[in-house]
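One structure below.
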Ligand SMILES: O=C(O)CCC(=O)C(=O)O
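Residue numbers (the numbering used here): 13 to 274.
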C-alpha cells in the first residue's frame, strides 16, 4: 500500500466511518488463515465453548469462534499487524487496548443478527468521538449474497440510539471485499451481519476489536488467556492486552502537563 493510498483510506475512515484495504494478505496466507480458523473452531469446541450463541445469531449456521488470541499464534500476529495498528491509531490515537478478537463464519442459511454499533455495546451514549474500531479480516470473498456485513451509511455520526431511523434496515449497504482484504469500521457505525443466501459459499470474517484505553475491554485477558500465552506475550501486544500491572494511566501525562502549577 502506498503512502497516498494509506492517506486516502484513513480519510475515508474518518469521513464515512469505514474503508476497505485490498490485498493485505496474499491468497496463500488467506487460505492458510482460513484453515487455521477452522482448526481454532474445533479446538474451541473441544474446550467447551459453543460456536452458536442463541442471543447473537438466529441459527447455528453462524459459527462463532471466541478468544482467537489464545487459540493460535497466527491471530496474535494479525491483531498487531502494522496496517491494522496504523488504522486503529489514526482513529483512536496511540493509547488503545485490544478489546476482543473473534470470528463469525456465516455459512449458507445463516441470517442477520440485531442491528447495533460496537461502541454502543461498551460505552453509554452520547457518543461524541470514535472510542472503538473493528479491523475485519476477510478470509473469503465477501459479498451481499454470502452474508456481507451490512452497514447504515452515515450512522457513525449518531450520538444517541434515538437517531437510528425506524427504517434503518431498508437503508443498509453491504461491505464488499475480496479475500485477503481488511475492512476498518468505526465503532460508532451501525451494522448487522447479512444473510447468507448462497447454496454452498462460506463467508469467514475475523473481528479484531480495539477501544480507547480508558474503556474497559470486552475481554479480561488476564482471565481469558492461558498462562503459557501470557508468559510468551511481550512488548506492545502485552500492553494492548492489559497484561502488565498498570492500567488506565494514559491520560495522566497530559493532565499533569496542562494543570496549573503551584
Ligand atoms: O458477522 C458480521 O457480519 C457482523 C458481526 C457483528 O457485528 C458482531 O458480532 O457484533
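Using N, Cα and C, we set each Cβ at its ideal position, and we do this for glycine too.
Those residues which DSSP pairs with residue i across a bridge
| i | result |
| --- | --- |
| residue 113 | 220 |
| residue 149 | 194 and 218 |
| residue 163 | 185 and 203 |
| residue 154 | 189 |
| residue 208 | 158 |
| residue 52 | For residue 52, which the question treats as bridged, DSSP gives no partner whatsoever. |
| residue 108 | 224 |
| residue 144 | 223 |
| residue 128 | 203 |
| residue 178 | In the DSSP output, where bridge partners are listed per residue, residue 178 has none listed. |
| residue 118 | 74 and 215 |
Candidates the options, of which the one nearest residue i by Cα
| i | options | result |
| --- | --- | --- |
| residue 133 | 188, 201 and 82 | 201 |
| residue 181 | 189, 126, 27 and 144 | 126 |
| residue 172 | 129, 15, 218 and 222 | 129 |
| residue 147 | 179, 103, 264 and 107 | 103 |
| residue 124 | 265, 156, 234 and 225 | 156 |
| residue 253 | 178, 65, 225 and 267 | 225 |
| residue 85 | 193, 231, 99 and 49 | 49 |
| residue 219 | 61, 72, 92 and 51 | 92 |
| residue 216 | 90, 273 and 149 | 149 |
| residue 56 | 67, 37, 76 and 39 | 76 |
| residue 247 | 158, 185 and 89 | 89 |
| residue 23 | 100, 38 and 114 | 100 |
| residue 83 | 54, 262 and 16 | 54 |
| residue 121 | 211, 114, 140 and 109 | 211 |
| residue 113 | 255, 264, 221 and 105 | 221 |
| residue 62 | 36, 115 and 42 | 115 |
| residue 208 | 232, 256, 73 and 231 | 73 |
Cβ neighbour criterion (16 or more within 10 Å) applied to residue i
| i | result |
| --- | --- |
| residue 33 | buried |
| residue 214 | buried |
| residue 142 | buried |
| residue 79 | buried |
| residue 187 | buried |
| residue 229 | buried |
| residue 14 | exposed |
| residue 244 | exposed |
| residue 64 | exposed |
| residue 259 | exposed |
| residue 40 | exposed |
| residue 168 | buried |
| residue 192 | buried |
| residue 69 | buried |
| residue 235 | exposed |
| residue 58 | exposed |
| residue 231 | buried |
| residue 29 | buried |
| residue 159 | buried |
| residue 36 | buried |
Rounded Cβ spacing between residue i and residue j (contact assumed at less than 8 Å)
| i | j | result |
| --- | --- | --- |
| residue 205 | residue 111 | The Cβ separation is near 19 Å, so there is no contact. |
| residue 170 | residue 203 | So it is not a contact: roughly 12 Å between Cβ atoms. |
| residue 145 | residue 198 | 6 Å |
| residue 151 | residue 45 | 5 Å |
| residue 81 | residue 237 | 7 Å |
| residue 195 | residue 96 | Wrong, their Cβ atoms sit about 11 Å apart, outside the cutoff. |
| residue 98 | residue 18 | 7 Å |
| residue 154 | residue 189 | 5 Å |
| residue 255 | residue 233 | 6 Å |
Any beta strand (DSSP E) of 3 or more consecutive residues that is wholly inside the segment 54-82: Entirely contained in the segment 54-82, the beta strand (DSSP E) runs reaching 3 residues are, in chain order, 74-77.
Complete runs of the beta strand (DSSP E) confined to the segment 13-45 [at least 3 residues]: Within the segment 13-45, the beta strand (DSSP E) runs of at least 3 residues that lie entirely inside it are, in chain order, 30-33.
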